[in-house]
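Structure record follows, encoded as structure tokens.
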Amino acid sequence: MAFYRSAGTIPPKRHTQHRSPEGTLYFEELMGEEGFSSDSSLLYHVHIPSAVAAVREWEIGDLSLTPNHPLRPIHLSTHALFPDADGEGTSTEGVDAVTGRRLLLGNADVRLSYVVATETSTYYRNAIGDECLYFEDGEAVVETVFGDITAGQGDYVIVPRATTFRVVPKGSARIYVIEANSHIGPPKRFLSKYGQLLEHAPYCERDLRGPSAPRVVEGENIDVFIKHRGPGPSGIAGSVHTLPHHPFDVVGWDGCLYPYAFNISDYEPITGRVHQPPPAHQVFEGHNFVICNFVPRKVDYHPLAIPVPYYHSNVDSDEVMFYVGGDYEARKGSGIGQGSISLHPGGHPHGPQPGAYERSIGAEFFDELAVMVDTFRPLDLGEAGRETDDGVYTYSWSGGPQ
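Shown next as structure tokens:
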């Protein structure tokens, strides 16, 4: 995100001496993307950031993936993974936003997980790619080496690769996690050649919330859980580095690479006389996938408009919709509700449920809230996806299996 920020104390010139009031040198760390050729920030540490006191293995859990074969559209229920109002599901006691994630869907480019976090997470660093945390409900403080971000309902929090952070929920927080094997940022078509969000973009820099000022936290022998590439079928491994000092020891930083938050309510929807295609709703992108959001909005105003989506075949992509609020007109009668996820795979034409096409005519406003991920390689089912597949959504357009 090429939007410069500065926090805490930094020297007037980069790569020069920066000393404490007592005269001790701070340790400068460059955190940069693409081998010194893209966005970066400089952080000034009290301690040597490379220091490690011990190393051990972290067994992340079940990251296995099962192909969607035979090919079919699928409905998953995230709320079935953790207790609902009736106390059904898996207990959230002791569940945190890092080790408690349940894998729904994934491929070589992106993994989609869900967690209801009630406990402070481990300190954590994803060395594979950026993370996008979407807060369906609840509040938490995302503490990072750059400073803290307070997040609540409807917030996206983008955490750059290799950022050390932890999530401290206030009560409980329902979080949809989009883990990339790349970086995540605004769509390139919304940016100038120098990285400024353009006038036609549906949000701007004023809508982004950066972290609070950094702080120096005292502590010794602090465990940081690291997700990285490694052996095994998933190609993902975990390690724990025990640091002789606390990882949050930064007195200042500046640059264009840092975590930030954006609330879905600040997204300005793009509408038209006839139905707008999904790229009009895009908010972020990564390598081989995009993130879109569908927000409450006025709908098509052509006199003959059909406001719900037309039937379409995703020739090059799988479409994943996470329904997080409102009343999603096109899916009425399918069993989908808040907390549901639909997977519409490439090669299968999909669209409104029976009756929704005609029923939408004359509508002027849709009160719906959803987060969509479109991937350009097929998605496989993770353990949580296999567990919550309702088995019948495939037949919701025809009335049942024949």
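Quick note: the sequence shown, position 174, residue 174 per UniProt numbering, numbers continuous.
A virtual CB, placed ideally from N, CA and C, is assigned to each residue, including glycine.
Computed from a prediction, not measured in an experiment: that's the story for all the values here.
With distances taken from CA atoms, which of the options is nearest residue i?
i           : options                : result
T163        : R209, E33, A117, G154  : E33
N293        : E319, H287, I222       : E319
N288        : A180, S398, L105, P401 : A180
E139        : T150, C132, G129, S360 : T150
V157        : V142, G171, P169       : V142
G129        : D155, R161, L112, G100 : R161
D223        : S6, L25, M31, H245     : H245
A127        : G61, G154, V240        : V240
S121        : G152, E29, V168        : V168
V371        : T24, S340, D39, I361   : S340
G362        : I306, T9, H183, D207   : I306
T9          : R229, R189, P214, D96  : P214
Y323        : D316, E29, K332        : K332
residue 409 : T99, Y194, Y310        : Outside the displayed span of the chain (1 to 402) sits residue 409, for which this structure offers no information.
K227        : L63, W253, D207, Y194  : L63
G346        : G325, M321, S317       : S317
I184        : R229, F190, P401, V159 : V159
Thinking C-beta only, is residue j closer than 8 Å to residue i?
i    : j    : result
P352 : V308 : yes
V110 : V290 : no
Y124 : F225 : yes
V295 : L369 : yes
L104 : G255 : no
A384 : R102 : yes
Y393 : I48  : no
E387 : G238 : no
H312 : P354 : no
L112 : I60  : no
S38  : L30  : no
For residue i and residue j, I'd like the C-alpha separation in whole angstroms.
i           : j    : result
Y203        : R166 : 27 Å
G235        : P186 : 27 Å
L390        : G399 : First, the residue type needs correcting, since residue 390 is Asp and not Leu in the sequence shown. Cα-Cα distance, rounded: 15 Å.
F366        : Y176 : 23 Å
V52         : N107 : 32 Å
H200        : S192 : 11 Å
P233        : E285 : 26 Å
L343        : C132 : 19 Å
D327        : Q338 : 9 Å
Y395        : R174 : 29 Å
P21         : P11  : 13 Å
E364        : F135 : 28 Å
T16         : V46  : 15 Å
F36         : I264 : 32 Å
E205        : Q196 : 8 Å
P269        : H281 : 7 Å
L243        : A54  : 7 Å
G335        : W397 : 12 Å
N314        : K13  : 50 Å
A7          : P211 : 9 Å
T375        : L304 : 32 Å
R72         : F27  : 54 Å
residue 403 : R19  : There is no way to answer for residue 403, as the model of the chain reaches only from 1 to 402.
G94         : R209 : 29 Å
A97         : S182 : 20 Å
K188        : F3   : 14 Å
G154        : D137 : 7 Å
D266        : G152 : 13 Å
S172        : G23  : 44 Å
T99         : W253 : 29 Å
L198        : S50  : 39 Å
Y194        : D207 : 19 Å
R229        : M321 : 28 Å
Spell out the partners DSSP gives residue i in its beta bridges.
i    : result
S313 : P349
W58  : G238
Y328 : Beta-bridge pairing links Y328 to no other residue.
P169 : A140
T78  : T78 pairs with nothing; no bridge assigned.
S113 : L103, V177
Q282 : C292
E319 : H344, D374
D148 : E143
I226 : R125, S239
G252 : G8, Y44
D155 : N263
Quick one: is the Cβ of residue i within less than 7 Å of any heavy atom of the ligand FMN?
i    : result
L379 : The model depicted lacks the ligand FMN and carries no ligand whatsoever.
Can you find at least 3 beta carbon pairs, one from the region 104-116 and one from the region 62-79, that sit closer than 8 Å?
-> Touching, yes, given that three or more Cβ pairs across the two stretches are closer than 8 Å.
Do the region 254-266 and the region 140-156 touch if we need at least three Cβ pairs shorter than 8 Å?
-> With the rule of 3 Cβ pairs closer than 8 Å, the region 254-266 counts as touching the region 140-156.
Indicate whether the contact test is met: 3 or more Cβ pairs, each with one atom in the region 298-306 and one in the region 269-288, closer than 8 Å.
-> Contact between the region 298-306 and the region 269-288 is established, with three or more Cβ pairs separated by less than 8 Å.
If we count Cβ pairs, one from each stretch, closer than 8 Å, do we get three or more for the region 61-78 versus the region 380-397?
-> Taking 8 Å as the limit for Cβ pairs, the verdict is that the region 380-397 does touch the region 61-78.
Given 8 Å, three or more beta-carbon pairs between the region 208-222 and the region 240-249 = Segments in contact, yes.
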